[in-house]
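**Q**
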Amino acid sequence: MADRISDIWGARTPHAKGDPWPVRVDLHLDRGLSESDVDQWVQSACVLCSNGCGCDIAVKGGRMVGVRGRAGDVVNHGRLGPKGLYGSWQWNGEDRLTRPLVRRGGVLVESDWDTAMDLVVRRSRELLDEVGPLSHGFYTSGQLFLEEYYTLGVIGKAGLGTPHMDGNTRLCTATAAAAMKESFGSDGQPGSYTDIDFCDALFLFGHNMAETQTVLWARVLDRLRGPDRPVVVAVDPRRTDVAAAAVESGGVHLAPLPGTNQALMNGLVRELIVNGWVDRDYVAAHTLGYDELAATVEPYTPEHVAGACGVDADDVRRAARVFGTSDRVLSTVLQGFYQSHQATAASCQVNNLHLLRGLIGAPGCGILQMNGQPTAQNTRETGADGDLPGFRNWDNPEHIRELAELWNVDPLTIPHWAPPTHAMQIWRYAEQGSIRFLWISATNPAVSLPELRRVREILGRQELFVVVQDGFRTETAECADVVLPAALWGEKQGTFTNVNRTVHLSDKAVEPPGEARSDLDIFLDYARRMDFRDLDGAPLVKWSDPEGAFEAWKECSRGRLCDYTGLSYAKLRGGSGIPWPCDAEHPDGCDRLYADGVFPTHPDVCESYGHDLLTGGTTSPERYKAQRPDGRAFLKAAEHTPPPERPSEEYPFAVTTGRTAYHFHTRTKTGRSRQLRRAAPRPWVELSARDAAALGVGEGDLVRVESPRGRVEAPARVGRGRDGVVFLPFHYGYWDAEDDRHVRAANEVTLTEWDPVSKQPLFKIGAARVVKLADATGPAPAPTTTASAPHDPAGVAPTAGEDDVREDLAPTDPPAPPPTPDHTPNVPPEG
Numbered sequence: 001m002a003d004r005i006s007d008i009w010g011a012r013t014p015h016a017k018g019d020p021w022p023v024r025v026d027l028h029l030d031r032g033l034s035e036s037d038v039d040q041w042v043q044s045a046c047v048l049c050s051n052g053c054g055c056d057i058a059v060k061g062g063r064m065v066g067v068r069g070r071a072g073d074v075v076n077h078g079r080l081g082p083k084g085l086y087g088s089w090q091w092n093g094e095d096r097l098t099r100p101l102v103r104r105g106g107v108l109v110e111s112d113w114d115t116a117m118d119l120v121v122r123r124s125r126e127l128l129d130e131v132g133p134l135s136h137g138f139y140t141s142g143q144l145f146l147e148e149y150y151t152l153g154v155i156g157k158a159g160l161g162t163p164h165m166d167g168n169t170r171l172c173t174a175t176a177a178a179a180m181k182e183s184f185g186s187d188g189q190p191g192s193y194t195d196i197d198f199c200d201a202l203f204l205f206g207h208n209m210a211e212t213q214t215v216l217w218a219r220v221l222d223r224l225r226g227p228d229r230p231v232v233v234a235v236d237p238r239r240t241d242v243a244a245a246a247v248e249s250g251g252v253h254l255a256p257l258p259g260t261n262q263a264l265m266n267g268l269v270r271e272l273i274v275n276g277w278v279d280r281d282y283v284a285a286h287t288l289g290y291d292e293l294a295a296t297v298e299p300y301t302p303e304h305v306a307g308a309c310g311v312d313a314d315d316v317r318r319a320a321r322v323f324g325t326s327d328r329v330l331s332t333v334l335q336g337f338y339q340s341h342q343a344t345a346a347s348c349q350v351n352n353l354h355l356l357r358g359l360i361g362a363p364g365c366g367i368l369q370m371n372g373q374p375t376a377q378n379t380r381e382t383g384a385d386g387d388l389p390g391f392r393n394w395d396n397p398e399h400i401r402e403l404a405e406l407w408n409v410d411p412l413t414i415p416h417w418a419p420p421t422h423a424m425q426i427w428r429y430a431e432q433g434s435i436r437f438l439w440i441s442a443t444n445p446a447v448s449l450p451e452l453r454r455v456r457e458i459l460g461r462q463e464l465f466v467v468v469q470d471g472f473r474t475e476t477a478e479c480a481d482v483v484l485p486a487a488l489w490g491e492k493q494g495t496f497t498n499v500n501r502t503v504h505l506s507d508k509a510v511e512p513p514g515e516a517r518s519d520l521d522i523f524l525d526y527a528r529r530m531d532f533r534d535l536d537g538a539p540l541v542k543w544s545d546p547e548g549a550f551e552a553w554k555e556c557s558r559g560r561l562c563d564y565t566g567l568s569y570a571k572l573r574g575g576s577g578i579p580w581p582c583d584a585e586h587p588d589g590c591d592r593l594y595a596d597g598v599f600p601t602h603p604d605v606c607e608s609y610g611h612d613l614l615t616g617g618t619t620s621p622e623r624y625k626a627q628r629p630d631g632r633a634f635l636k637a638a639e640h641t642p643p644p645e646r647p648s649e650e651y652p653f654a655v656t657t658g659r660t661a662y663h664f665h666t667r668t669k670t671g672r673s674r675q676l677r678r679a680a681p682r683p684w685v686e687l688s689a690r691d692a693a694a695l696g697v698g699e700g701d702l703v704r705v706e707s708p709r710g711r712v713e714a715p716a717r718v719g720r721g722r723d724g725v726v727f728l729p730f731h732y733g734y735w736d737a738e739d740d741r742h743v744r745a746a747n748e749v750t751l752t753e754w755d756p757v758s759k760q761p762l763f764k765i766g767a768a769r770v771v772k773l774a775d776a777t778g779p780a781p782a783p784t785t786t787a788s789a790p791h792d793p794a795g796v797a798p799t800a801g802e803d804d805v806r807e808d809l810a811p812t813d814p815p816a817p818p819p820t821p822d823h824t825p826n827v828p829p830e831g
C-alpha cells in the first residue's frame, strides 16, 4: 500500500524512448472495503485537473465509495493523482445543497423548484421586455459536461441573443485558445500526451506540471528514470520539482522576474535565428511573418534578456541550444505565462519556436497549450465561453449562417456585431448596471476573481439579480437571489474533453442528494419555461437528455476541426478515451494535428482573423485575406513591454498566486476530503530565505501581504523561490476557520487588469509589501512535498497521509498497452 499524500506521483515504471508507457492501476476505497465489496464499477474520468484521467467509480449501497484508474485509458494507463484518489468522490453527501434557496427579507431560505424557477423566469422576462437581451449575462465553469455547455450556448446565443457569456476558463485557459488562434488559425491542441514518450527535450513554460497535472508529471518522471531520458528546461520563478528535474537532467532552470516572459521568449527566438537553428524550407513553405519576427527579436541578446529578466545570459544560451539542437521537442505552457500581461504574445513565441524548427505534428514534436480545468476545452468548443460553437468565426457571415440554419433561427438573433463579451467585461457591465441578470454556474467567483473587495460589491448590488447554480453553499452562493442545487460528478451523465482533445464518457453512478438536478436539466427547464422557439414554432432546444444533446452537438461540429461525428456514447463506453477529430477519415480519432504543415488559417475556415499582440486590436477580414495565409501558420511578433504594476519603494515585492498539488480551485470539493485538507489545511505566504531574513521573518511567523487593493494575513513559509517574489496559494476563501481576524483569500491583493488579446486576468503580476505581525506558534501549514517545501526543513514535520492506496504495477512482461489513435494528420476542410 502507498501513501499518495507523501508520494504524490506514486511508484516509478521507467521506460525507454518510443516504448509505450507501462500500466499501473491505482485504487482507493473507503476504509475497510475491498474490491469484492463493491456493488458496481461505473465508467468515468477524473475532473480535478485538466489531464482527464480515465477512472471507474466504486458504488456500494447507492453511494460512491472509491475510485480506480482505468488500465486501458490512453491518458493515464491506470494512474490517478492525489486529488483524483481522495478528492473526486469523498465530498459525497457532505453539506450539499439539496433544495433551492431564495432570498426573503435579505436571508436565503429553502424553497421548491417551481418557486425558484418562477422567480428566475419572471425576472428574466421582465428584463428582456424592459431592456433586451443585453441585460443578461452568464458566467459558467470549466467543470460541466459538454452537453451542458452546448445547451447553455444555444440558450444564450439563439434563445436570448446575448453576447455576454463566458466562464471561469477566462481565468485559466483563455490564453491557450488565443495563442493557438493567433498562430494556427484555430483552437485545438497540436500535440499529444504521447509526445512525452518520444521527445528528446521537454520545455515547460510557466507550468508547474508536478503539481497541476500530477499524473502527466508521473509520465515525465518515468521517462527521466529510463534510458534515453529527455533534457528538461523549466521556466518558473519558483524552485519547483520541475525546476529540480531540469537541473538533474542536464537542462536549465530559468527563473525570470514576473512580467518579463516576453523578453525571455524573444531572446530564445533570436538565439534560434542567429545560430542557424531554423528549418528555412519549412518556414518558407508553411509560415508567414518571418522577416517581421526576426527584426523584432534582434535586440534581445542574451545579455539584454539577462538584464530584463534577472536570469543568467549563459542559461539563456543553454536553453536555446537545447531547443535548437534536439531532434524532438515537446513544449507545455500554463499559468506562469497565461496569467501575465503579455500572455498571448509570450505563448505565441512558444508556437514560433516550434514553427521555426518545423517541430510540430510528429511523435515527440508537440505543443500543449495547457488548460487549467477538466472541461475547459468543451467551453471553447461549444460556445459557452463566448466563442461560437465549433470554432466558428464571429466575423465570418457564412459561419453565422451555418449556425442559424442548424438552429433554425434568424441569423440576426445570434449576436455577432462585435466580439463576444469576456468575463472581466461581464463583471464590469454588472458593476456599471447594464447587466442586471447574472447566472453563475459551477464556479465561485467570490474567491477566484481578482480584487475581491470589488467583486463582493458587484454581487451585492440591489439592481443585480444573481442566480447561482452549484452543489455547495459557496461564498458566491451566499450573495445570490436564487440558489439552484446541482448534481455533481458521478451523479449525472455526460462527456468531457481534456487538454489533448481526448473525449471521455462519464456515466451516472449514484443519484444526486435531495432535490438536486443536473446542470443540463436545470438549463432545459429554463428553456422550457422561457418557451424559446425556432422559426417554425418548434422548441428551440430539441433534446431532453444528455445523449440527445451529444447527438445535436455532433451535427454542430460536423466538418469543423473539432469534428465529433465519428463518436457516440456506445463507442466511448467500455473502452478508452478518443481524441477528436473523430470522423469518417479518422474513425478512431487523431493523436496529433498538422503533421502535413497545413493549418486552419484559410479565411473560409479560420476561427479568428487575428489581433495585434500589443494592443489587442482586431485584424479586419480584408487585411487578413490580403495576407493570403491559405493554410500557413503565422509567426506573430511583439516587443517586450513592462507590466502595468511593478515593485516600488512603497510596495517592494512582486506578488504572484498559484496552486498546490492537493487542492483544486476554491476547494469546494477537495476541501471536503480529509486527506487533502490535512495536507494543505490553510493558506501561507511564501518568501525566499534572503527576503525573510531581511524582514526579520522566520518560519511560521504571521505576516501581512498588502497591495494597493487589499491584504492577506497568513503564516510565512521560508521557501525556495527567487528573491523579491512573494507567492500566495489562491484556493482559500475569505476567513481562516480557526481565527476570523485573518483575511486569507489571495485575490484580495490581485489587480483588475488583463491581457489585451486573451483578456485573461493578471494573477501573476502585482506589487506588495510584507509586514510581520506576530511570532510563530509553529511552522506554516504549507506542504513540504511540493514547491512550497521549506528552505530549511529542520523543525518542519514532513507532509504525510495514510498508506491506503493500492498501486498494481504491470508485470515484467506487461500486457498490451492502451491503443494509440492513428497519427494521421488532420487536414481542416476548406470551406
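By UniProt numbering, the letter at position 816 of the sequence shown is numbered 816, and the numbering carries on one by one without gaps.
By construction, the Cβ of each residue, glycine as well, lies at the ideal position given by its N, Cα and C atoms.
All of these numbers come straight from a predicted model, not from anything done at the bench.
Counting pairs of Cβ atoms below 8 Å between the segment 632-639 and the segment 699-712, do you hit three or more?
**A** Touching, no, given that fewer than three Cβ pairs across the two stretches are closer than 8 Å.
**Q** Pull up the distance between the alpha-carbon of Gly259 and that of Pro374, whole angstroms please.
**A** The alpha-carbon atoms of Gly259 and Pro374 are separated by roughly 27 Å.
**Q** Reducing DSSP to helix, strand and coil, say where Tyr662 ends up.
**A** If DSSP states are grouped into helix, strand and coil, Tyr662 belongs with coil.
**Q** Under a three-way DSSP split, which group does Pro20 fall into?
**A** In the structure shown, Pro20 sits in coil (DSSP, three-state: anything other than H, G, I, E or B).
**Q** Using DSSP with H/G/I as helix, E/B as strand and the rest coil, what is Asp736?
**A** Per-residue confidence for Asp736 stands at a pLDDT of 41, beneath the threshold of 50, marking its modelled position as unreliable; the derived number appears in the next sentence. In this structure, Asp736 counts as strand in the three-state DSSP scheme.
**Q** Less than 7 Å between the CB of Tyr594 and some heavy atom of the ligand SAH, yes or no?
**A** Although the ligand SAH was asked about, the structure shown includes no ligands whatsoever.
**Q** How about the segment 710-721 and the segment 756-767: do they share at least three Cβ pairs that are nearer than 8 Å?
**A** Touching, no.
**Q** For Leu412, is the classification buried or exposed, using 16 other Cβ atoms within 10 angstroms of its Cβ as the cut-off for buried?
**A** With fewer than 16 Cβ atoms within 10 Å of its Cβ, Leu412 is classed as exposed.
**Q** Is DSSP giving Lys772 helix, strand or coil here?
**A** Correct three-state label for Lys772: strand.
**Q** Suppose contacts are defined by Cβ-Cβ distances below 8 Å. Is Arg96 in contact with Gly390 by that definition?
**A** Not closer than 8 Å, so no.
**Q** Which same chain residues, not among the five before or five after Glu381, have their C-beta less than 6 Å away from its C-beta?
**A** Within the same chain, Glu381 has close Cβ partners Cys562.
**Q** Run through DSSP, which three-state label would Arg646 get?
**A** Correct three-state label for Arg646: coil.
**Q** Grab me the residues of Leu204's own chain with a C-beta within less than 6 Å of its C-beta, minus the 5 sequence neighbours each way, in chain order.
**A** Correct list, in chain order: Ala234, Val242 and Thr332.
**Q** How is Glu451 classed by DSSP in three states: helix, strand or coil?
**A** Three-state DSSP puts Glu451 in coil, outside helix and strand.
**Q** Starting from Cys55 and walking both ways along the beta strand (DSSP E), at which residues does that stretch end?
**A** Where Cys55 is concerned, the enclosing beta strand (DSSP E) stretches over Gly54 to Lys60.
**Q** Taking the C-alpha atoms as reference points, what is the distance between Ala746 and Tyr86?
**A** In a straight line, the C-alpha of Ala746 is about 25 Å away from that of Tyr86.
**Q** Identify, in the order they occur along the chain, each residue of the same chain with its Cβ nearer than 6 Å to the Cβ of Asp755, setting aside the five sequence neighbours on each side.
**A** The answer, listed in chain order, is Ala343 and Thr344.
**Q** Nearest CA to the CA of Gln377: which residue from Met180, Pro779, Leu27 and Glu402?
**A** Gln377 has its Cα closest to that of Met180, out of Met180, Pro779, Leu27 and Glu402.
**Q** Please state the DSSP three-state secondary structure of Met1.
**A** DSSP places Met1 in coil when its eight states are reduced to three.
**Q** Do three or more CB pairs link the segment 397-410 to the segment 97-104 at distances below 8 Å?
**A** Cβ pair count under 8 Å is below three, so no.
**Q** Look at the Cβ atom of Gly383, then the Cβ atom of Lys83, and state whether they are nearer than 8 Å.
**A** The answer is no: Cβ separation not under 8 Å.
**Q** Grouping DSSP H, G and I as helix and E and B as strand, with all else coil, what is Ile440?
**A** Three-state result, Ile440: strand.
**Q** Find out if the Cβ-Cβ distance for the pair Ala486, Asp507 is shorter than 8 Å.
**A** Cβ distance not < 8 Å, so Ala486 and Asp507 don't count as in contact.
**Q** State the Cα-Cα distance for the pair Ser608 and Arg690, rounded to the nearest angstrom.
**A** Each residue's Cα considered, the two are about 47 Å apart.
**Q** List the endpoints of the continuous alpha helix (DSSP H) containing Arg711.
**A** Run containing Arg711: none in the alpha helix (DSSP H); it sits in the beta strand (DSSP E), Arg711 to Gly719.
**Q** Express the C-alpha separation of Tyr139 and Asn168 in angstroms, rounding to a whole number.
**A** So the two alpha carbons sit approximately 7 Å from each other.
**Q** Starting from the C-beta of Thr325, find all residues in its chain whose C-beta is less than 8 Å away, skip the five residues before and the five after it, and write them out in chain order.
**A** The residues are Trp277.
**Q** To the nearest angstrom, how far is the alpha carbon of Pro790 from that of Ala800?
**A** For Pro790 and Ala800, the distance between alpha carbons rounds to 15 Å.
**Q** What's the call for Gln462, buried or exposed, on a 16-neighbour Cβ count within 10 Å?
**A** When all chains shown are included, Gln462 counts as exposed.
**Q** Can you tell me whether DSSP reads Ala516 as helix, strand or coil?
**A** Note: Ala516 maps to coil in three-state DSSP.
**Q** Could you say if the segment 625-633 and the segment 598-606 meet the contact criterion of at least three C-beta pairs nearer than 8 Å?
**A** The segment 625-633 vs the segment 598-606: in contact.
**Q** Let me know if Gly831 comes out buried or exposed under the rule of 16 or more other beta-carbons within 10 Å of its beta-carbon.
**A** Caution is warranted here: a pLDDT of 31 is assigned to Gly831, below 50, making its placement in the model unreliable, and no coordinate value can be reported.
**Q** Assuming Thr495 contacts Glu802 (C-beta within less than 8 Å), just tell me the rounded distance between them.
**A** About 33 Å separates the two Cβ atoms, so there is no contact after all.
**Q** For Asp205, which beta-bridge partners are listed by DSSP?
**A** It is worth fixing the name first, because residue 205 is Phe in this sequence and not Asp. Note: Phe205 sits in a beta bridge opposite Val235 and Val333.
**Q** With DSSP run on the structure shown, which of helix, strand or coil describes Cys49?
**A** Coil, per DSSP.
**Q** Classify Arg741 as helix, strand or coil using the three-state DSSP reduction.
**A** Annotation note: pLDDT 47 at Arg741 (below 50); position unreliable, coordinate value reported separately. Of the three classes helix, strand and coil, the one that applies to Arg741 here is strand, per DSSP.
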